[in-house]
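First residue of the sequence shown? That's 1 in the UniProt record's numbering, and the numbers climb one at a time after it. Single-structure report; data block below.
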Amino acid sequence: MSADFLTRVTKDQAIAVVRAPGIPDAARLCAALRAGGIRWIEFTRTAPGLAARLRGAVAANGDGVGAGTVMTGGQAEELIDAGARYLLTPDAVPRPKQRRRQEYPR
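Take a look at the structure:
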């Protein structure tokens with residue numbers, strides 16, 4: 001995790017954690033949250049088809065979209081491929097972390 005990322009999140013002081021059994025329109029949800037002043041949005045893995053929904057969310061919200069809780073390297077790879085800009089993990093997931101640094105250097 002970069003110092004720049006932590007600085008930006010700390011400055012904004014809020015992350016919306018979206019935990020829902022379904023998210024019909026993630027892009028619209030992100031737009032509504034941004035209109036309310038929430039820049040950082042984390043989608044939990046409770047919604048089926050999260051990777052597909054993340055693509056729309058990233059298009060609407062850019063680098064403020066993340067996902068969690070990621071438990072395996074495979075889950076991390078899937079969510080990074082879908083555009084997640086940050087991941088919430090209970091521990092380090094080495095391979096995806098290394099890939100992330102290659103794609104988005106500090």
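Yeah, the Cβ is synthetic: ideal placement off N, Cα and C, and Gly gets one too.
Which residue from the options puts its Cα closest to that of residue i?
| i | options | result |
| --- | --- | --- |
| R55 | G73, G22, A27, G74 | A27 |
| G36 | A14, T69, E77 | A14 |
| V9 | E77, R85, P21 | R85 |
| G49 | L6, D12, L79 | L79 |
| V18 | A82, D81, G73, E42 | E42 |
| D91 | T7, T72, D12 | T72 |
| P21 | R53, F5, L6, Q75 | R53 |
With DSSP as the reference, label residue i as helix, strand or coil.
| i | result |
| --- | --- |
| A84 | coil |
| D4 | helix |
Tell me whether the beta-carbon of residue i lies closer than 7 Å to the beta-carbon of residue j.
| i | j | result |
| --- | --- | --- |
| I23 | A3 | no |
| W40 | G62 | no |
| L87 | A57 | no |
| A51 | L33 | no |
| A31 | A60 | yes |
| V44 | V70 | Per the sequence shown, the amino acid found at residue 44 is Thr instead of Val. No, Cβ-Cβ distance for T44 and V70 is not below 7 Å. |
Whole beta strand (DSSP E) elements within the segment 7 to 79, 3-residue minimum: Here the runs fully enclosed are 15 to 18, 40 to 44, 65 to 68.
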